[in-house]
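**Student:**
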Amino acid sequence: MPEGQQDQRAESARLVPGVRLLGEYQGSGFVEPRYLVARSDGQLLHVSRLLFLVASALREGVSPTSAAQQVSAAYGRTLTPDGLVLLVEHKLQPMGLARVDRPAHPGAAAPPAPGPSSAPALPSTSLLALRFRRV
Numbered sequence: 029m030p031e032g033q034q035d036q037r038a039e040s041a042r043l044v045p046g047v048r049l050l051g052e053y054q055g056s057g058f059v060e061p062r063y064l065v066a067r068s069d070g071q072l073l074h075v076s077r078l079l080f081l082v083a084s085a086l087r088e089g090v091s092p093t094s095a096a097q098q099v100s101a102a103y104g105r106t107l108t109p110d111g112l113v114l115l116v117e118h119k120l121q122p123m124g125l126a127r128v129d130r131p132a133h134p135g136a137a138a139p140p141a142p143g144p145s146s147a148p149a150l151p152s153t154s155l156l157a158l159r160f161r162r163v
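Laid out in structure tokens, this is it:
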């Protein structure tokens with residue numbers, strides 16, 4: 029994919045309205061710290077530190093290059109703008125935390141207006157629900 033087109037997609041990446049970044053999950057017992065994020069439907073998700081930092085950068089509405097530099101400085105490892113877009117598209121978007129608005133191509137039909145019917149169907153399982161699992 030051409031570099032300019034990747035940059036356009038990254039500039040349109042943002043958190044879904046109503047997402048709240050709650051912070052580190054204290055006393056969880058995890059070896060590596062986990063972070064809590066609340067979706068607009070009330071679902072609580074725990075994510076890695078890297079995903080939490082990416083979500084924080086998207087909340088501030090900065091350019092993809094600035095967001096990648098901000099995450100890199102906080103995380104201690106280099107994250108490229110392409111890597112940022114990859115994390116948003118393949119990790120945060122399926123969780124219902126972020127979305128990427130595609131740039132309109134000349135001659136293409138206009139995208140549908142955002143509304144309840146255009147939102148992705150997300151599982152609404154309770155945090156305390158019991159789940160039957162077996163090996």
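So the mapping is simple: the working numbering equals the position in the sequence shown, first residue as 1, plus 28. Backbone N, C-alpha and C fix where the C-beta goes; we use that ideal spot for every residue, glycine too.
If we call anything under 8 Å between Cβ atoms a contact, is M123 one with L73?
**Tutor:** On the sequence shown, residue 123 is found 95 positions in, with the first residue counted as 1. On the sequence shown, residue 73 is found 45 positions in, with the first residue counted as 1. Yes, these two residues count as a Cβ contact at 8 Å.
**Student:** Which residues in the same chain have their Cβ closer than 7 Å to the Cβ of S68, if we skip the five residues on either side of it in sequence?
**Tutor:** The residue you call residue 68 lines up with position 40 of the sequence shown. These residues qualify, in order along the chain: V44, P45, G46 and V47.
**Student:** How many Å lie between R162 and V59 at the Cα?
**Tutor:** Counting from 1 along the sequence shown, the entry for residue 162 is found at position 134. Counting from 1 along the sequence shown, the entry for residue 59 is found at position 31. Their backbone Cα atoms lie some 25 Å apart in a straight line.
**Student:** I believe A83 touches L49 by the beta-carbon criterion, under 8 Å. Please report the beta-carbon distance rounded to the nearest angstrom.
**Tutor:** As a first step, residue 83 must be located in the sequence shown, where it is residue number 55. As a first step, residue 49 must be located in the sequence shown, where it is residue number 21. Sure, about 6 Å apart at Cβ, within 8 Å.
**Student:** State the CB to CB distance for the pair L64 and L120, rounded to an integer number of angstroms; the pair is presumed to be in contact (CB under 8 Å).
**Tutor:** Position 36 of the sequence shown, counted from the start, is the residue given in the question as residue 64. Position 92 of the sequence shown, counted from the start, is the residue given in the question as residue 120. With 8 Å as the limit, L64 and L120 do not qualify as a contact, their Cβ atoms being about 14 Å apart.
**Student:** Kindly give me the distance between the Cβ atoms of A96 and G111, rounded to whole angstroms, as I take these residues to be in contact under 8 Å.
**Tutor:** By 1-based counting over the sequence shown, the position of residue 96 is 68. By 1-based counting over the sequence shown, the position of residue 111 is 83. Right, the Cβ-Cβ distance comes to about 7 Å (below 8 Å), so this counts as a contact.
**Student:** May I ask which residues mark the beginning and end of the alpha helix (DSSP H) holding R77?
**Tutor:** Locating residue 77 in the sequence shown gives position 49, counting from the first residue. Where R77 is concerned, the enclosing alpha helix (DSSP H) stretches over R77 to R87.
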